[in-house]
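As they're listed, the protein sequences go chains U and Y.
Under our numbering, the first sequence has 79 at position 79, and the numbering climbs by one with no breaks.
With the second sequence counted from 1, adding 195 to any position gets you our numbering.
Think of the CB as a built atom: it goes at the ideal place given N, C-alpha and C, for glycine as much as any other residue.
Small disclaimer: the values here were computed from a predicted structure and weren't measured.
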Amino acid sequence: MAGHAGARCGSTALLLAAALVGCAKRERVDPTAAPIADFNQRVDQYVKLRNHLADSLGKIDETKSQAEIAARSTALANAISAARASAKQGDIFTVEVAAVFATLIKEEFRRRADSIKETRVEQEQEHRTDGLPDFLPKVNQIYPTNYPLVTFPPTLLPLLPKLPESVEYRLMGHHLFLRDIEANLVVDVMPNAVP
Amino acid sequence: MNARSRALAGLLAVCFAAPVSAQTLTLPRKPGSVRFLVIGDTGTGDPLEYAVGKEISLYYKVFPFPFAIMLGDNIYGSERPQDFDNKFIKPYQPLLDAKVEFNATLGNHDDPNQRFYKPFNFGGNRYRTFKKGNVRFFVLDSNYLDPDQLKWLEKELSTSGSDWKIAYFHHPLYTTASRGPELEVRKVLEPLLLKYGVDVVFSGHEHVYERLKPQKGIYYFTAGGPAKLRDHDTHPVTLTDVTFDTDRSFMLVEIAGKDLYFQTISRTGTIVDKGVLHRLVHKPLPADTLKATKPVH
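Written out as structure tokens, the structure reads:
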């Protein structure tokens, strides 16, 4: 009897343990995984579109002609803007992924030494010394070439989802935006992403 | 010395320093040496850029260098075709005519599409490496040091095999100029430079000339003053050996064996710095051991 009771107890304990492990496994699911997977998918959709448009313009090779480079950049920007005429802020930086990014960025900035924070301010304000005001980038806007491109914090880049090579993260003041490199085009914006 | 006195002293130094003829060269011109020009932050298109370009051309006659390195901010402001003419082609026309090869890096004022502009020799890449004689150059994009670039750099540094390793990129890791060093870039880049024994680093961004004391065994130069100038912007401390911030300047470099000879010349032809650096023997350090080191500035 005692043996049977012990075996039952043992089985119950095993079942309980298995259930607890199952719960623990469920609890370990990364809550950021789904928003980031969604973000990656949206970026991929964008890149598929822009690559198709870029292919239709022909491959860009090194050239002595800046006119050729500028013409291609403009043509690509126009083609993307036309194809994404209805695109709006938040199409890629959805509310869900923006919340994930905001937490990542905030934590990374909090960990920085004060000396690094000071030089960051210098970087971000460089355009002001040329009399250029801050601005909130807009979707489908050509990034103005008279504004410097602020160094993207290299310690933050590894924490953000990796982007395909045609797109990059950029900062303007406190705003994070995605920029199509060849088209020099703002793809999406996350306002006030950076402290 | 207050700022006004420093300004006056600087002005006097520029006015009364004996201008030298274009033939005054301190570089040895040894057979088989690697010779090059160093310029940064050049692309203004204003008369002072042209004046420096003219002085460089005069020096080219006595010190013909087959290539130049450009430290970023190659084209300021708009990047229309005429901007490339006015801010790059025309100021350096004699050098381009002489087939001098310009090797540019990207500054924060440069559109990354410059990598397709053949005269800058990016080869379509934002970062790259090239070799001249016994010198391997690592051209980095300090605007966007993503994990891919760092991984690439580590691979290239570890397989370089060259005697001299020279890295150049736009943002200075060490400087006494008022905007200060790029500490975020230093944090990710310096461990690799140390681990793989980079000998010399050239940067621009600050519109002055600085020769810094070796930092953890690496020689650093800031050479962002050939066109723009931040007048009296350096703050000489124990970090620097020589600074020049009262006029535009450019550098000529010659590497022969284990020696790197350099000469820095102002817009008016005054020699503002010169000397020879000996290649330091590097004992590669594991990157982890560098995390505890304190920034000097």
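Listed along chain Y, the residues sitting closer than 9 Å to Lys64 of chain U by beta-carbon distance are Tyr312, Lys313 and Pro314. In the three-state DSSP reduction, Lys294 of chain Y falls in the coil class, being neither helix nor strand. Under the three-state reduction of DSSP output, Tyr312 of chain Y falls in the strand class. Secondary structure note for His127 of chain U: it is in no beta strand (DSSP E), and the uninterrupted alpha helix (DSSP H) holding it is Glu126 to Thr129. The stretch 350-363 of chain Y makes no contact with the stretch 376-383 of chain Y; the number of CB pairs closer than 8 Å stays below 3. Beta bridge pairing from DSSP links Gly470 of chain Y with Y:Phe457. Counting only the Cα atoms, Arg179 of chain U lies some 14 Å from Pro191 of chain U. Thr145 of chain U carries a coil assignment under DSSP once its states are collapsed to helix, strand and coil. Ala79 of chain U sits away from Leu104 of chain U, with the two beta carbons spaced by 8 Å or more. Of the other Cβ atoms in all chains shown, fewer than 16 fall within 10 Å of the Cβ of Asn320 of chain Y; this residue is therefore exposed. With a cut-off of 8 Å on Cβ pairs, the stretch 459-478 of chain Y is in contact with the stretch 427-444 of chain Y, counting three or more such pairs. The beta carbons of Arg462 of chain Y and Ala246 of chain Y sit closer together than 8 Å. Closer than 8 Å at the C-beta level to chain Y, one finds these residues of the stretch 69-82 of chain U: Ile69, Ala70 and Ser73. Val476 of chain Y is classed as exposed because its beta carbon has fewer than 16 other beta carbons within 10 Å across all chains shown. Taking a cut-off of 8 Å for Cβ pairs, the stretch 293-308 of chain Y and the stretch 140-155 of chain U touch, as three or more such pairs fall below it.
Looking at the backbone, the Cα of Thr429 of chain Y and that of Ala372 of chain Y are separated by about 4 Å. With respect to Gly235 of chain Y, Ala418 of chain Y sits close: the two C-beta atoms are nearer than 8 Å.
Counting only Cβ-Cβ distances below 7 Å, Phe177 of chain U has no contacts in chain Y at all, with the closest Cβ about 14 Å away. Chain U places no beta carbon closer than 8 Å to that of Lys225 of chain Y, leaving this residue out of the contacts.
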